[in-house]
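Read left to right, the sequence shown gives residues 1 to 214 (the UniProt record's numbering). Working notes for the structure below.
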Amino acid sequence: DVMKKRPGSPITVGLSVKDKLFLSNLYIMGAFKYSRKSRGRNVIFNYDLKSRKWCVLTKCPVPRHDARMVATNRALYIIGGCNPLDHKRSSKLLPLRECYKYQFENKEWQLIAPMHHARALHAAVVFKNMILAIGGKNENDRLLSSIERYDVLLNSWEEVPEALPEPRMAMGVAAEGDYMWVVGGFTNIGRFHMVEDSVWCFDNTYKRYDDHFF
1 DVMKKRPGSP ITVGLSVKDK LFLSNLYIMG AFKYSRKSRG RNVIFNYDLK SRKWCVLTKC
61 PVPRHDARMV ATNRALYIIG GCNPLDHKRS SKLLPLRECY KYQFENKEWQ LIAPMHHARA
121 LHAAVVFKNM ILAIGGKNEN DRLLSSIERY DVLLNSWEEV PEALPEPRMA MGVAAEGDYM
181 WVVGGFTNIG RFHMVEDSVW CFDNTYKRYD DHFF
C-alpha cells in the first residue's frame, strides 16, 4: 500500500550475494511523475522478503533519480545520479559525482569521496569486495564505457583498466564469484540512443569480456 502511492521510476539496489544478512531485504529509492520531476523523492523503502511488508528505512540527504544503490552487510551506498532540484535552475538535469553512505548500525548518513566522473543511468554492483560504478552518461550527455571501483576501507575511487567494450547506459549488471554480467541498455548510433540486447560476461581471472559464454 505504501508503494502504490508513489508511481514513477524507482532506484533499486544491487546486493552482494555474500551479504547473507541482507538477502531478505530489498531497498528502493526515488520515483517521480514526469510532470513533477523537479520535486523528486529522497525516501528509501525497505521490503522484507520474508514478511512481504514495506517500511520506510530512511531519507537520503538530497533527492535523487537516475542514481544507483548498492548494499553491503554494513551500509547502503547511493552513487551518482541527478538532483531533480537542479531543474529549477536549469532546463537540464546534470549527472553528479556525489556519493553517500548510510550506515545501518548507527543510522547515519555520510558524504563519501566523489567519483572521478559524473554519472547517471549507470550501473552499480559489488564485485570482488569493491563497489563498481559502470558506464552511464556524463554531464555532457556523453555515454561512458569507463568503470570506477570504490574501496570502502580507503574511501577512494580509482579507474578500472578493463572498461566496457563500448559505451553503455541503463543496463543491468550482476556479479557472482569471478564473473560479472552486463545486460542490455542503450548505446549511441550517431545522434540516437539504440536499445541493445547484448550480454557481456567479464571474467576477472583473464580480465576480459566475452559475449559467447553460454
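Don't be surprised by glycine CBs; every beta carbon is placed ideally from N, CA and C.
Helix, strand or coil at P84 [DSSP, three-state]: helix
Rounded separation between L57 and I44 - CA only: 6 Å
Out of D197, K50, H65 and K59, point me to the one whose CA is closest to V182's CA. D197
DSSP on T187, reduced to helix/strand/coil? strand
To the nearest angstrom, report how far apart S156 and L49 are at their CA atoms. 33 Å
Extent of the continuous beta strand (DSSP E) run through V199: V199 to D203
Using a Cβ-Cβ cutoff of less than 8 Å, which residues in the same chain neighbour N188 once the five nearest sequence positions on both sides are dropped? L143, P167 and M194
If you run the structure through DSSP and keep just helix, strand and coil, what is S156? strand
Give me the Cα-Cα distance between C99 and A71, rounded to the nearest whole angstrom. 13 Å
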